[in-house]
Each structure stands twice: as structure tokens, then as C-alpha cells.
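K.L.:
One structure, as C-alpha cells, below. Some questions next.
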Amino acid sequence: MSVSTSTIPVIAIDGPTASGKGTIAHRVAQALGWAVLDSGALYRLTALAVQQQGVDAADEHAVADIAEALDVRFDGDHVWLSGHDVAADIRLEHVGNLASRIAAYPPVRQALLERQRAFRASPGLVADGRDMGTIVFPDAQLKVFLVADVAARAERRCKQLKAKGFSANLADLLKDMRSRDERDRTRANAPLVAAADAITVDSSSLSIEETVQQVLDLWSGLGFPKA
Ligand code: DC
């Protein structure tokens, strides 16, 4: 497995599901004028394609073939899979749960590795996921491990789903979130873990703006020249 080394800066934001990584990553990228990688979307897209194509989700090589061949384009809020906008579909809970299952397969992670590294482009990249700081961009200039307690995360996810017009049940979300956390943390391959050089930020009692500001302060504290 080759390790990417580049002078193009990367801010890696890893953390458990619904810790706010996606929103924070987008806002930080916007503030810096950088690109953003939502790596979870690639696992969700693979899960959706597996379902759409009726592939056996227990067959890790068949799932890896799907990951390898994904025809994906990210365009603002749109996510195109084989020419169809699936931005809403990939956010469904059952797609997220399947994504977590197939993300445990080493060949699937390998199939998505270079695709993720290809997002590293000037003037910089903010990458969010589970293994951005450990595996995909081990040389990231800043690694943030974003946590929030599970009740705060379940409440956030519940509000998000309801705001989008989906039905949501807090107790079910809490149960799903605990088991997804457990699976992501304990899998043998690229588990959810803070990199040794990551800085942990707890957003349980922080607003989005405060969390974004903390990450921007950490970045400016490193003293890299502005692009
Ligand atoms: O961040 P998310 O909830 O959109 O991610 C969906 C699933 O994909 C998550 O449960 C685990 C997996 N994932 C991963 O294993 N590695 C990543 N870098 C990102 C996501």
C-alpha cells in the first residue's frame, strides 16, 4: 500500500457517526477555499450500488468490484451515481448501516483508497471520515478527532432527519448509533481510532460555529503560510 506524501495541505477530521464531521469539514473547507472529501459518502455509495444491483452484501470481493467500478461525481450538494442524483438516498439510515458493514471488508477499503487520495488538490483538502488521519492521509498537516457523546449525536441526527421530512425515532437511532460505533471501532481493518498525533475536539456542548472556529484556530496555530 503506497502512502501519499505531498506538500498539498490536508486537514483530516475523523470521528464517530453523526459527530458533525461532515458539516464541520464543509465549513472549514469553505472558510479556507479548499476542496472537501466526504469519504463516508464513498462507502455509502458502494452500499447503495450493492443494493441497487442486487449483489450479495456478504461477498466481500463482489462488493469490492462494485467499489472499484463506482461511477461517481460530486457537484456541490449533488452526488451523481451512474448519472442519477442519489444525494438523499445515500443518507438513509439503512444505507448508512450497510455502509458500516461493508466498510469492514479489507478489499473494499483497498478499492476506495486511491480514489480518496486523488481528492488531494491545491490549495488544500479537508477530509472527513474514520481513517483519514491514520490510513488515507497519514501525513496530514492537521488531524482532528471530533467526538460528541452518543446522546447528543442521536439527537442531532434525529433533528436532521425530521428537518428533511423523514420519520425518525430517537431510541432506534441511539441503538443503531451504538452498534455502528461499536462495529466501526472494533473492526480489524482501519478501525475508528484517533491517530497518535490527532487533537481531540469534543463538540457535545459546542455550536457548529464554535467547532469550526476551533479547527480553524488549530490550523492557523500551525503557522503555515496562506495559499
Ligand atoms: O461518515 P458516514 O456516517 O457517512 O460513514 C458511513 C459509514 O462508512 C461508517 O459507518 C463507516 C464507513 N466509513 C469508513 O469506514 N471509513 C471512512 N473513512 C468513512 C466512512
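The sequence shown lines up with residues 15 to 241 when you count with this note's numbering. Just so you know, even glycine gets a beta-carbon here, dropped at the ideal spot from N, CA and C.
Shorter than 6 angstroms, the distance from the beta carbon of residue 281 to the closest heavy atom of the ligand DC, or not?
P.N.:
Nothing can be reported for residue 281: it is not among the residues displayed for the chain, which extend from 15 to 241.
K.L.:
Looking at residue 103 and the ligand DC, is the gap between the Cβ and the nearest heavy atom below 6 angstroms?
P.N.:
Outside the cutoff, so no.
K.L.:
Cβ of residue 193 within 6 angstroms of any heavy atom in the ligand DC?
P.N.:
No, the ligand DC has no heavy atom inside 6 angstroms of this Cβ.
K.L.:
Could you tell me whether the region 155–173 touches the region 24–39, using the rule of 3 or more Cβ pairs below 8 angstroms?
P.N.:
Enough Cβ pairs lie closer than 8 angstroms, so yes.
K.L.:
Any heavy atom of the ligand DC inside 6 angstroms of the beta-carbon of residue 57?
P.N.:
Yes.
K.L.:
Check whether the Cβ of residue 20 lies closer than 6 angstroms to any heavy atom of the ligand DC, and answer yes or no.
P.N.:
Result no, Cβ not under 6 angstroms from the ligand DC.
K.L.:
Cβ of residue 31 within 6 angstroms of any heavy atom in the ligand DC?
P.N.:
Correct: residue 31 has its Cβ closer than 6 angstroms to the ligand DC.
K.L.:
Let me confirm a value: residue 147 is counted as buried when at least 16 other C-beta atoms fall within 10 Å, else exposed. Which label applies?
P.N.:
It is buried - the Cβ of residue 147 has at least 16 other Cβ atoms within 10 Å.
K.L.:
Nearest to residue 131 by CA position, among 111, 119, 154, 109, is which residue?
P.N.:
The option with the nearest alpha carbon to residue 131 is 154.
K.L.:
Report whether the distance from the Cβ of residue 198 to the nearest heavy atom of the ligand DC is below 6 angstroms.
P.N.:
Residue 198: yes, Cβ under 6 angstroms from the ligand DC.
K.L.:
Using the C-alpha atoms, what's the distance from residue 192 back to residue 164?
P.N.:
Each residue's Cα considered, the two are about 7 angstroms apart.
K.L.:
Expressed to the nearest angstrom, what Euclidean distance is found between the alpha-carbon atoms of residue 65 and residue 43?
P.N.:
Going by the C-alpha atoms only, they are around 32 angstroms apart.
K.L.:
Who are the near neighbours of residue 120 in its chain, counting only those whose CB is closer than 6 angstroms to its CB and skipping five residues on each side?
P.N.:
Taken in chain order, the residues that qualify are 203.
K.L.:
Run the proximity test for residue 242: is its beta-carbon closer than 6 angstroms to any non-hydrogen atom belonging to the ligand DC?
P.N.:
Absent from the model: residue 242. The displayed extent of the chain is 15 to 241, so no value can be given.
K.L.:
Consider the C-beta atom of residue 269 and the heavy atoms of the ligand DC; say whether any pair is separated by less than 6 angstroms.
P.N.:
Because the chain spans 15 through 241 in this model, residue 269 falls outside it and cannot be assessed.
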